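Have a look at the structure below, then the notes.
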Amino acid sequence: MTAALINVPKKARNGDIIEIKTLTSHVMETGYRHTPRGEVIPRDIITSFTCRFEGDEIFHADFFPATAANPFLSFFTTATKSGKFDFEWIGDNGFSQTASASITVE
Amino acid sequence: MRRQPVPTRRRFLALAGGTAAIGALPVAISVRPARATPEMMATAIRTVTGGANVKPGKVKLDIPPLVENGNSVPMTVSVASPMTANDYVKSIHVFNEKNPQPNLGNFYLKPSAGRAQVSTRVRLADSQKITAIAKLSDGSFWSTTADVVVTLAACTEDVI
Amino acid sequence: MKVVAAIVLSSLLIAAGIVLRPLIATEIPASERRSGYTFMSPDTKAMQDDDTTNPGMLGVIEGEALWNRKGGSADKSCADCHHDAKVSMKGVAARYPSYDKVLGGPVNLEQRINLCRARHQQADPLPYEKHDLLALTTYVAEQSRGMPITPDPTPELQPFVAKGRDLFMHRQGQLNLACTNCHDDNWDKHLASSAVTQGMPNGYPIYRLDWQSLGSLQRRLRNCITGVRAQNYDYGAPELVELELYLMSRARGMPLETPAVRP
Amino acid sequence: MARSAIPVVGGCFALALLALPRLAGGEELKSYSVTGDAIVESLTGEAGDAARGRKLVVDRANTCILCHSGPFPEDKFQGDLAPNLSGVGNRWSVGQLRLRLVDASRLNPGTIMPSYYRVDGLDRVAKAWSGKPILSARQIEDIVAYLATLRD
Numbered sequence: 001m002t003a004a005l006i007n008v009p010k011k012a013r014n015g016d017i018i019e020i021k022t023l024t025s026h027v028m029e030t031g032y033r034h035t036p037r038g039e040v041i042p043r044d045i046i047t048s049f050t051c052r053f054e055g056d057e058i059f060h061a062d063f064f065p066a067t068a069a070n071p072f073l074s075f076f077t078t079a080t081k082s083g084k085f086d087f088e089w090i091g092d093n094g095f096s097q098t099a100s101a102s103i104t105v106e
Numbered sequence: 001m002r003r004q005p006v007p008t009r010r011r012f013l014a015l016a017g018g019t020a021a022i023g024a025l026p027v028a029i030s031v032r033p034a035r036a037t038p039e040m041m042a043t044a045i046r047t048v049t050g051g052a053n054v055k056p057g058k059v060k061l062d063i064p065p066l067v068e069n070g071n072s073v074p075m076t077v078s079v080a081s082p083m084t085a086n087d088y089v090k091s092i093h094v095f096n097e098k099n100p101q102p103n104l105g106n107f108y109l110k111p112s113a114g115r116a117q118v119s120t121r122v123r124l125a126d127s128q129k130i131t132a133i134a135k136l137s138d139g140s141f142w143s144t145t146a147d148v149v150v151t152l153a154a155c156t157e158d159v160i
Numbered sequence: 001m002k003v004v005a006a007i008v009l010s011s012l013l014i015a016a017g018i019v020l021r022p023l024i025a026t027e028i029p030a031s032e033r034r035s036g037y038t039f040m041s042p043d044t045k046a047m048q049d050d051d052t053t054n055p056g057m058l059g060v061i062e063g064e065a066l067w068n069r070k071g072g073s074a075d076k077s078c079a080d081c082h083h084d085a086k087v088s089m090k091g092v093a094a095r096y097p098s099y100d101k102v103l104g105g106p107v108n109l110e111q112r113i114n115l116c117r118a119r120h121q122q123a124d125p126l127p128y129e130k131h132d133l134l135a136l137t138t139y140v141a142e143q144s145r146g147m148p149i150t151p152d153p154t155p156e157l158q159p160f161v162a163k164g165r166d167l168f169m170h171r172q173g174q175l176n177l178a179c180t181n182c183h184d185d186n187w188d189k190h191l192a193s194s195a196v197t198q199g200m201p202n203g204y205p206i207y208r209l210d211w212q213s214l215g216s217l218q219r220r221l222r223n224c225i226t227g228v229r230a231q232n233y234d235y236g237a238p239e240l241v242e243l244e245l246y247l248m249s250r251a252r253g254m255p256l257e258t259p260a261v262r263p
Numbered sequence: 001m002a003r004s005a006i007p008v009v010g011g012c013f014a015l016a017l018l019a020l021p022r023l024a025g026g027e028e029l030k031s032y033s034v035t036g037d038a039i040v041e042s043l044t045g046e047a048g049d050a051a052r053g054r055k056l057v058v059d060r061a062n063t064c065i066l067c068h069s070g071p072f073p074e075d076k077f078q079g080d081l082a083p084n085l086s087g088v089g090n091r092w093s094v095g096q097l098r099l100r101l102v103d104a105s106r107l108n109p110g111t112i113m114p115s116y117y118r119v120d121g122l123d124r125v126a127k128a129w130s131g132k133p134i135l136s137a138r139q140i141e142d143i144v145a146y147l148a149t150l151r152d
């Protein structure tokens, strides 16, 4: 089970610059750690995050082993119309997670 | 499994179906692997800039000068930009010189962002210099640096 | 011969001193008791303060899903008996570890969840320190966030609190240190520049930056026991539960912060 | 000056009469005698190496700088649970430094300073450390030699 915690204002006025915050559960195993017996623990990270609004990409990020566990992101967008944000995380070992949030613009 | 937004004004929680299970951390010991070097960081920066001139300015990097634990260091990068269709920040790239590899994050923006600002949390293996570079829509590159001192945890699970 | 006598005498005094040590350790006056939160940097405080940035909140979300999931031979969920945790679990974590009549001793919140699974869901226990038990415990404890710690007053528990206190005061390990040596007598100092703190239990399970995950109070206690190079106790060992009990009595009145963030 | 030949290696004299504990490496804990508040003679019979001693002190694994600060500009993270080591060579003689490292609890039963060269009178020592002193006799001598150089 993985969880995402997404913070998007439910409502905004046309032209408002709004902050979007996301927090996703993921160990972000760096690939640089070893077990006590000396075996490398294989890398297992989220590598990319994309936010789309009504299908159009509005923000994209590349993650690295240096991204902290349970990745946190905050970014901005201008509210122009009501609609749906789609969030997508993609990573190693076929990791894929999606979530969405709607906003009403008055 | 998906939950509908809870009816609070600002917040909703989504529980999304994913393929990875979150278990307890594996029993692991941290090692100091080969580190990135200032040269590796320079190479990584060239990959982004294509060798173009990088000017100091426009970029602001907020990162605590002294952090309590290098595993999760909050970081905010903002760029002075009107964020209009003709003049905006295309991307922000953050680098370090002492982690095993030189990238801390790449962030790609649109003019609709309204504000050229991103925040995330990164891992820093040691006290070091961090560099943030912004690529603007006119093709110019701007940068700033910050020094971070990372406190080593005194009481860890590793046997001292 | 004088020297030999002096050595024997001083040895006796030392032996006596080791016995006396617990009695002369200074417990922190109630007015000076401080949450680990107050020792943190502004950045780490900010991470805990904002539910949209506190990574421990992911455990709360996951715990809520588990609360509602049916399981065991009884095919029951926690919610089938306890309904809305926001109502039924409010204040519960603030009085744990609590007395279990059947067992005749204290059980902590994790053990209570597993007892509930065994007795009412006919389900296997969830393993300690794994994701599901941490998430469920975090979800239950979060229902008491902000409420003052009010230890279970059951008289039968008091001998166990006393045992926990004895353990807190007892020197052990190759470094020969007791909890009290640091957390009562030197809590305002720094161990290699990290705050020693009073070792208060009011934020568990915590999201510890060093762990990069949620973890229980027992995990934290085991860290310290490893640190003084002593033999560790297994998760769920009576000694660890007794220590938890004593720590909660020491934190009486302090608001619960679960899920707290700590460095 | 009378000097006892009885090997006193721990806090309890009854234990001191038993056979000396054996270290994992087979090396016996060296006997020593206490004169006043000092161990006058080197545990190894040789003088320590101050340069090696400095390295041992700043190595976290040996725990010194978790509690003590000192003139170690290369390490930003030093503790303040115990006195600063600057000038410690003025405050104590070599013999006094040696006893304080070997078994400070002889001088103050309430001290938080571990006994770095003692294996008995301890409770529940983890298997990995059982029967071993925190530091070897040679390490003690190296650190004593270094601390003696710390003069204001």
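For the protein sequence lines, the chains are S, X, G and D, in the order given.
So the first sequence is numbered by my numbering: it starts at 1 and just counts up by one.
So the second sequence is numbered by my numbering: it starts at 1 and just counts up by one.
So the third sequence is numbered by my numbering: it starts at 1 and just counts up by one.
So the fourth sequence is numbered by my numbering: it starts at 1 and just counts up by one.
Glycine is no exception: its CB is placed at the ideal position from the N, C-alpha and C atoms.
Quick caveat: nothing in here was measured; it's all calculated off a predicted structure.
Element boundaries [beta strand (DSSP E), containing residue i]
{"i": "G:H183", "result": "Not the beta strand (DSSP E): G:H183 falls in the alpha helix (DSSP H), residues 179-183."}
{"i": "X:T37", "result": "Here X:T37 belongs to no beta strand (DSSP E), and DSSP marks it neither H nor E."}
{"i": "G:S98", "result": "98-100"}
{"i": "G:G105", "result": "105-107"}
{"i": "X:S119", "result": "117-122"}
Cross-chain neighbours of residue i in chain G, by beta carbon under 8 Å
{"i": "D:P83", "result": "The premise fails here: D:P83 is roughly 12 Å from chain G at the closest Cβ pair, so nothing lies under 8 Å."}
{"i": "D:L160", "result": "Since the displayed chain D opens at 1 and closes at 152, residue 160 of chain D lies outside it and no answer follows."}
{"i": "D:R60", "result": "A192"}
{"i": "X:P65", "result": "The contacting residues do not exist; X:P65 stays about 10 Å from chain G at best."}
{"i": "S:N7", "result": "T52"}
{"i": "X:E68", "result": "M40, S41, D43, T44, S194, L209, P263"}
Cutoff 7 Å: residue i Cβ touching any chain G Cβ
{"i": "D:V125", "result": "yes"}
{"i": "X:S127", "result": "no"}
{"i": "D:D80", "result": "yes"}
Unbroken alpha helix (DSSP H) run spanning residue i, endpoints
{"i": "G:F160", "result": "158-169"}
{"i": "G:P222", "result": "Correcting the residue identity first, residue 222 of chain G is Arg in this sequence and not Pro. G:R222 -> alpha helix (DSSP H) spans 217-227."}
{"i": "X:Q101", "result": "No alpha helix (DSSP H) holds X:Q101; DSSP gives it neither H nor E."}
{"i": "G:P238", "result": "238-250"}
Neighbour flag for residue i against chain S, beta carbons, 7 Å
{"i": "X:A113", "result": "yes"}
{"i": "G:I149", "result": "no"}
{"i": "X:R123", "result": "yes"}
{"i": "G:E129", "result": "no"}
{"i": "G:I61", "result": "yes"}
{"i": "G:L58", "result": "yes"}
{"i": "X:S72", "result": "yes"}
Per-residue DSSP class, three states only, for residue i
{"i": "G:Q122", "result": "coil"}
{"i": "S:G48", "result": "The amino acid occupying residue 48 of chain S in the given sequence is Ser; Gly does not appear at that position. S:S48 falls in the strand class under three-state DSSP."}
{"i": "X:M83", "result": "coil"}
{"i": "S:E19", "result": "strand"}
{"i": "D:F72", "result": "coil"}
{"i": "D:T111", "result": "coil"}
{"i": "D:P133", "result": "coil"}
{"i": "G:E129", "result": "coil"}
{"i": "G:W67", "result": "helix"}
Interface flag, residue i vs chain D, CB-CB below 7 Å
{"i": "G:A230", "result": "yes"}
{"i": "G:K189", "result": "yes"}
Beta-carbon contacts of residue i that lie in its chain and below 7 Å, excluding the five residues immediately before and after
{"i": "G:Y99", "result": "P106, D152, T154, E156, L157"}
{"i": "G:Q198", "result": "I28, R33, R34, H183, W187"}
{"i": "X:A85", "result": "P111"}
{"i": "G:Q111", "result": "G236"}
Cutoff 6 Å; reference residue i; Cβ partners in own chain excluding five residues on either side
{"i": "X:S30", "result": "In this prediction, X:S30 scores a pLDDT of 46, lower than 50, which makes its location untrustworthy; no coordinate-derived value is stated."}
{"i": "G:A178", "result": "M169, H170, R171"}
{"i": "G:P238", "result": "none"}
Cross-chain neighbours of residue i in chain S, by beta carbon under 9 Å
{"i": "X:L109", "result": "I58, F59, H60, F75, F76"}
{"i": "X:N96", "result": "A66"}
Closer than 8 Å at the beta carbon, the chain X residues around residue i
{"i": "S:F64", "result": "Q101, N103, L104, G105"}
Short CB-CB distance (under 7 Å) between residue i and chain X
{"i": "G:T258", "result": "no"}
{"i": "G:T44", "result": "yes"}
{"i": "G:P263", "result": "yes"}
Contacts of residue i in chain X (Cβ-Cβ under 7 Å)
{"i": "S:I17", "result": "G114, R115"}
{"i": "S:F72", "result": "T120, R121"}
Residue i Cβ short of 6 Å to the ligand SAH heavy atom set
{"i": "G:R222", "result": "This structure simply doesn't include the ligand SAH, nor any ligand for that matter."}
Chain-ordered neighbours of residue i on chain G, where CB pairs are closer than 7 Å
{"i": "D:S115", "result": "N176"}
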